[in-house]
Every structure is written in structure tokens, then in C-alpha cells.
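As you go down the protein sequences, you meet chains A and B in turn.
My numbering numbers the first residue of the first sequence as 12 and each following residue consecutively.
My numbering numbers the first residue of the second sequence as 37 and each following residue consecutively.
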Amino acid sequence: MTDYLVNATGLKKSFGATRAVDDVSLQVKAGEIYGLVGSDGAGKTTTMRLLVGALLQDAGEVSVCGYDIQKQTEQARAQIGYLSQRFSMYEDLTVLENIRFFAEIRGLSQTEWLPRSMEILEFVGLGKFKDRRAGQLSGGMKQKLGLATALVTRPRLLLLDEPTTGVDPVTRQDFWQLVIKLVSQPASLNVERSTFNDESLSNTQHGVSVIISTPYMDEASRCHRVGFMKAGKIIAEDTPSNLRARLNGRVLELRGSPINVLRHVAHQDEDVEDVAAFGDKLHVRIRAGKSELVMGRLPDEIKSAGGTLIDLRVIPPALEDVFIALSER
Amino acid sequence: METVIKVENLTRRFGDFVAVDHINFEVQSGEVIGYLGPNGSGKTTTIRMLLGLLKPSNGKATVLGYDVFKQSEEIRERVGYMSQKFAIYDDLTTLENLTFYGGVYGINDKARIQQTLELVGLKGHEHTLTRDMSTGWRQRLSLGIALVHEPKLLFLDEPTSGVDPTARRAFWDLIYQLAEGGVTILVTTHYMDEAEYCERVAVMRDGKLLAMDTPTNLKKSIITGDVWEVYANPLEQGLEILATLDGVERVGLAGDHLRVISSRVDKESMQSVLSANGIRVEKIERGEPTLEDVFLSLAR
């Protein structure tokens with residue numbers, strides 16, 4: 012257990028009669044990106060807020076770099092950078108002034124904050140824009156500034172709560188390249204000072220760990236491990252490829268016409284669990300062990316309903332298929 | 037099939053800035069079109085022109101047979117528009133919101149309001165205050181509001197931003213149900229998860245329409261190279277080395293591995309150049325092109 016940068020066990024938090032977080036345990040290693048996914052109200056944001064110490068848990072424990080978030084709050088918080096869904100910045104201050112503000116309230120001295128800020132701004136690609144007012148930045152640049160302010164204190168743990176909502180794919184790609192770099196870099200940006208409580212941790216090669224919540228499966232698939240939350244619990248946790256493997260052989264792709272006919276036929280098959288239209292194709296999820304049966308009879312069923320089948324094949328399951336299958340359980 | 041949108045050399049300038057630059061396309065009835073592009077690429081300007089809210093500088097467009105220049109009122113009566121930042125009244129119930137917006141369109145028919153509630157799956161929640169509803173439900177209500185006057189064409193501007201996959205799937209089931217009934221749908225989105233659902237996808241950049249085709253065809257025609265998933269350690273040095281290889285079109289970090297698109301480099305040569313530089317290669321696998329690959333190669 013000493014290998015974990017974040018170690019949360021048996022976390023519980025209720026709001027009135029609602030069990031927002033219900034016995035959640037999660038461990039994250041240094042250099043790991045952990046994705047927290049789940050429906051609205053599944054408990055993702057509450058979990059994040061418990062991890063950062065913004066909420067007091069009813070039961071359970073959280074330690075960050077070996078510090079208990081409730082008992083050693085200051086030390087633990089010093090290890091955390093937090094980018095919330097709607098992070099605030101001062102629109103009439105420049106980029107550099109914004110970072111300075113966040114650096115100083117986090118206790119960085121004058122000799123520390125400037126070189127550190129410049130280093131971070133170069134890293135996120137805002138070096139050239141340091142004197143621009145934050146209000147004049149594009150959406151993607153604002154997001155990078157948010158990331159920069161979260162990084163200025165050299166956190167070991169970065170908590171990102173749905174950071175890319177409403178951001179275009181090019182900018183999201185840039186953002187993710189930064190996040191992945193941050194965790195895969197052997198610490199040049201991060202661990203110049205040894206702040207570890209635990210000896211074994213300071214020897215690890217990697218720097219930052221990231222916990223990110225997202226409703227988007229293309230983002231979840233970039234994480235090293237993903238936890239699916241439902242009704243306050245983590246109901247599944249694994250690498251994206253292992254999660255996908257749970258549905259191996261059970262997702263079929265159908266092409267043909269008219270697509271409506273194919274859809275209705277697939278819906279009516281008793282061994283079909285889910286049908287989704289993807290433009291000119293259908294993705295169909297089959298009950299475990301029944302794929303061959305369904306593949307055998309679908310062509311005839313489609314034909315007798317007046318449809319034409321062009322292609323029917325087993326495809327690799329997507330993370331979204333797994334998400335939907337898990338949500339239905 | 038009937039042409040619902042016809043755009044010819046449509047152009048819009050703001051001063052010296054060309055927001056939309058001579059674009060051409062057609063949409064047939066019942067199609068579901070994804071409209072993609074980076075921020076500022078001209079998507080919203082295009083939609084505003086098609087809604088008749090903004091006059092084109094050049095070119096022309098017809099929507100449902102009406103000229104966007106001269107017949108904008110006819111168009112607005114017949115199209116639905118759902119924006120990401122749509123104003124729902126938080127302190128009104130579902131039914132009250134729908135009744136209010138129905139009234140704006142001159143729909144006072146109670147049966148029609150009930151039908152719309154049923155269509156978007158909010159029956160039984162008529163009297164819920166909208167501030168107490170989840171994002172997914174609020175989005176359904178916004179869709180209901182855009183549908184109350186039974187439009188033949190629906191513009192959806194980032195409709196499921198921030199909505200989880202289950203709610204999104206339900207939303208798209210509804211979109212396809214509408215399309216089956218002959219409604220034409222044009223959706224803007226930043227999420228490739230969502231673009232994959234569309235029948236045809238258009239990609240804009242710098243005011244120009246770069247491509248418009250089915251997701252399958254776009255992947256085939258734009259990503260002509262092979263896709264490789266490279267698991268190597270250390271990752272970043274691996275990235276730098278592969279990026280300099282002749283014939284590599286793009287290398288990106290994809291979580292715990294690298295994603296390489298290349299037309300002339302094979303598995304063995306990647307393996308050997310990485311090993312020669314002291315990078316440990318765990319495995320190199322073939323990958324499938326995605327719409328994100330398409331978008332990134334067009335949008336850069």
C-alpha cells in the first residue's frame with residue numbers, strides 16, 4: 012500500500028437520505044492517470060471533493076502522498092492541484108498576474124513563483140501570451156491557463172473535474188498531450204523538491220498522478236485505469252483494454268438497408284441487449300454466449316422483414332458499449 | 037428524396053475576416069448530419085445564416101425551399117433550433133416551460149404539448165421544476181421545446197455537452213426516431229463519440245468546408261496511412277524518435293501508449309529504430325482509424 016500516491020478506503024458521504032458516495036475505495040499510483048466515469052449524479056464530483064478535502068467524509072480515509080487529508084490537511088493539500096469544472100480566473104488580469112495570484116495564495120515566495128510560472132507557461136504553451144489579459148484568451152487557452160494555475164505549486168496529484176467540456180478536438184488533443192506528458196515525464200517538472208512523507212514513494216521514477224472525471228469515453232480510453240461509478244459505488248475498475256475485453260465477441264456491426272428495418276429486426280431478437288445506430292451502421296450487443304446463434308439467424312430475419320444485409324461481423328467493443336452494459340445492470 | 041438544405045458558394049465576411057468562405061453542400065430529407073470544426077471555424081456563422089438570422093455576403097442558400105435571404109420568416113416557422121445554452125426557466129415546471137415556448141410559436145394545442153412531452157420521454161415529469169432535473173433531462177426538455185411546432189428540420193448546437201453515455205444514447209435513439217419520421221437533423225459537436233452517430237459528417241476549418249462524407253468513407257479517404265498502437269518505454273523519448281522517422285505522418289500520446297499514423301513505415305522498422313535508441317518496445321499493434329484522426333489531420 013505504500014506504493015500508492017492516493018489511497019482512499021471505505022469513503023462514505025450522504026446528503027440527507029442520498030448516499031452520494033457509498034463505500035468507495037480507490038488507489039492511484041504515481042505516474043498513473045485514473046479516469047472516473049459515470050452518469051450524472053453517480054458520485055464523481057463528490058468523490059473528487061472528498062479526495063481534495065473540500066468535503067468531510069462520513070466514514071473512511073483518504074491519504075495523499077501519505078498525508079491524511081483530514082488530519083494533515085495542509086501537507087496533503089500542498090500536494091494537490093485541482094481544476095474544477097468552472098475554474099475561475101481574473102479576466103482583467105494578465106496571464107502571468109493570474110498565475111502569480113494563485114502562486115502567492117498557495118504560499119510561494121517571490122523568488123520561487125516567477126521562474127516556476129514561466130516554466131509552467133512554456134510547458135502549457137502560453138509563454139508568448141503571458142502579458143495578455145485572461146479575458147482576451149480563447150477557450151482552449153483559458154483552459155491551459157487553468158491547468159497552469161493548478162500546476163504552479165508542483166502538485167504530485169492533479170484532480171481534473173470534467174476539464175474539457177465544450178472544448179474542440181484539436182484543443183482537447185493538445186490538453187491531453189500535456190496531461191500525458193506530465194505523468195510520463197521522469198519528474199523534471201514536478202519533483203525537484205522531495206516532499207514525500209513516505210520514503211519508498213520518493214524513489215519512484217514518475218512524477219504526477221492524475222484523477223480525471225469525464226462523461227466522454229474517448230477521453231476515458233486515454234486513461235491508464237478507469238473506474239465506473241453508479242449510485243455512489245465504483246462498480247467496475249480496470250484498464251480500458253481489460254474493460255473492453257469483458258464484451259469481447261458480443262458486439263456486432265450490421266450494415267444494410269433500409270436501416271430502420273434492420274434496427275427493428277435486431278431490437279426484436281430475444282438475445283439482443285442493445286441496438287445503437289451509427290450513421291450507416293448498427294452496433295448490436297448480444298447476450299453472453301449467444302453471438303453465433305444471433306449471427307446465424309439475423310440474415311434470415313432481415314430478409315423476411317424485407318431488408319437487405321450487406322455486412323454482419325463481430326467488432327471490437329468500444330468503451331461506450333461497456334459503459335452502457337454496466338449502467339443497465 | 038427531397039433536398040432540404042442547398043448551399044451554393046455561401047460566404048460571410050465580417051470586415052476583412054472571412055468567417056464562411058464559399059461553401060457548397062446539400063442535405064436530403066431525413067439525413068442526420070454532423071457538423072464539425074474547431075472553435076471559430078465558421079460552424080455557428082453557417083447555422084445563423086441557414087436560420088436566416090444573418091445575411092450572407094455572397095452566394096445563396098435555400099432551406100426547405102425558402103431563400104435564406106428573402107424568406108427568413110418562413111424558415112424560422114418551420115425549423116427547430118436547440119442551443120447548448122438554451123434558456124429554460126429554472127423556476128417553471130417541465131409543462132410550464134413547454135407551454136410557454138409553444139405559445140411563442142403559436143402552439144396552444146394541449147394535445148400537441150402532451151405529445152411532445154411523451155416524445156422526449158418526460159411524461160410523468162410534467163410538474164417537476166426544471167432546476168431539480170439532471171443535465172440529461174434538461175437536454176430532453178430543450179429538445180422538446182425545439183420540437184413543439186413539429187419542424188421538418190432541426191439544428192442542434194452541441195446538444196449533449198456534458199451528458200453521460202447512457203443519456204446520450206437515449207437522446208440519439210430519439211434523433212433517429214425523428215429522422216425516420218422524415219425530420220432532417222444537423223448537429224454541431226466537439227465530441228467524436230457523437231460524430232460517429234451521424235450519417236454524414238462535415239468538417240470546417242477557417243471558413244472552408246474541407247470534407248463531407250460518411251464516417252466510414254472519411255476514414256478511408258483521409259487516413260490513407262496505417263494506424264499503429266506502439267507500447268514502449270520511456271514513452272516521450274519514443275514519441276520524439278518516431279516523430280522524426282521519414283514517412284510518419286503523426287504521432288500522439290494515447291494514455292499508456294503511442295498512436296502512430298504512417299504510410300511508409302512498418303512494424304519492424306519502428307521496432308528497430310526504437311530499440312537502437314534504447315527504448316524498450318513492449319508491443320506494436322495495428323489500430324483502427326477514428327474520426328478523431330480524420331478531424332486532426334484535416335483541422336491542423
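Glycine is no exception: its CB is placed at the ideal position from the N, C-alpha and C atoms.
Being a predicted model, the structure only gives us computed values, none of them experimental.
In the structure shown, A/ALA31 falls within a strand segment according to DSSP collapsed to helix, strand and coil. Excluding five sequence positions before and after A/THR57, the CB atoms of its chain that fall closer than 6 Å to its own CB belong to LYS24, ALA31, VAL32, given in chain order. The segment 300 to 317 of chain B makes contact with the segment 274 to 284 of chain B, as at least three CB pairs between them are under 8 Å. Its chain contains ALA114, LEU119, VAL163, ARG165 as the residues whose beta carbon lies nearer than 8 Å to that of A/ARG127, once the 5 sequence neighbours on both sides are disregarded; these appear in chain order. Listed along chain A is no residue with a C-beta nearer than 8 Å to that of B/ASP242; the closest approach is about 12 Å.
One Cα belongs to B/VAL184, the other to A/ALA336, and the distance between them is close to 32 Å.
Going by C-alpha positions, A/ASP322 is about 16 Å away from A/ARG261. Here the C-alpha atom of A/LYS141 lies approximately 11 Å from the C-alpha atom of A/LEU125. Here the alpha carbon of A/VAL272 sits roughly 15 Å from the alpha carbon of A/GLU264. With fewer than 16 other beta carbons inside 10 angstroms of its own, A/ASN259 counts as exposed. In the same chain as B/LEU192, and ignoring 5 residues on each side of it, the C-beta atoms closer than 6 Å to its own belong to MET118, VAL223, in chain order. Beta-bridge pairing by DSSP links A/ASP249 to A/VAL237.
Annotation for B/ARG286: the continuous beta strand (DSSP E) segment containing it runs 284 to 289. When beta bridges are read from the DSSP output, B/THR224 appears opposite B/TYR71, B/ASP193. In this structure, the CA atom of A/GLN154 is about 9 Å from the CA atom of A/THR182. For the pair B/PHE61 and B/MET228, the Cα-to-Cα distance works out to about 21 Å. For A/ARG111, there is no enclosing beta strand (DSSP E); the residue is part of the alpha helix (DSSP H) that begins and ends at 106 to 116. With its beta carbon at least 8 Å from every one in chain B, A/ALA256 lies outside the interface.
In the assembly as shown, A/GLY92 is a buried residue. Its beta-carbon has 16 or more other beta-carbons within 10 Å.
Secondary structure at A/GLU339: helix, using DSSP grouped into helix, strand and coil. In the three-state reduction of the DSSP assignment, A/MET129 falls in the helix class. For B/ILE59, the enclosing beta strand (DSSP E) starts and ends at 53 to 64. Given a length threshold of 4 residues, each whole run of the alpha helix (DSSP H) inside the segment 81 to 167 of chain B is given here in chain order: 108 to 114, 130 to 140, 146 to 155. Of A/GLN121, A/GLY151, A/GLU102, the smallest CA-CA separation from A/ARG143 is found for A/GLU102.
When the beta-carbon positions are compared, A/LEU37 and A/ILE223 stay at least 8 Å from each other. Chain-order list of chain A residues neighbouring B/VAL199: PRO226, by C-beta distance under 7 Å. With a minimum length of 3 residues, the unbroken runs of beta strand (DSSP E) contained wholly in the segment 15 to 91 of chain A fall at 15 to 26, 29 to 40, 44 to 49, 70 to 75. By the Cβ test, the segment 293 to 313 of chain B is not in contact with the segment 242 to 250 of chain B, since fewer than three Cβ pairs between them sit closer than 8 Å. Between the segment 229 to 240 of chain B and the segment 200 to 211 of chain B there are three or more C-beta pairs closer than 8 Å, enough to call the two in contact.
The closest CA to that of B/ASP168, considering only A/GLN279, A/ASP51, A/LYS314, is found on A/ASP51.
Under the DSSP assignment, B/ALA247 falls in the beta strand (DSSP E) whose first and last residues are 244 to 249. When Cβ-Cβ separations below 8 Å define contact, A/THR176 makes contact with chain B. Against chain B, the CB of A/ASP229 has a partner CB under 8 Å away; the residue lies at that interface.
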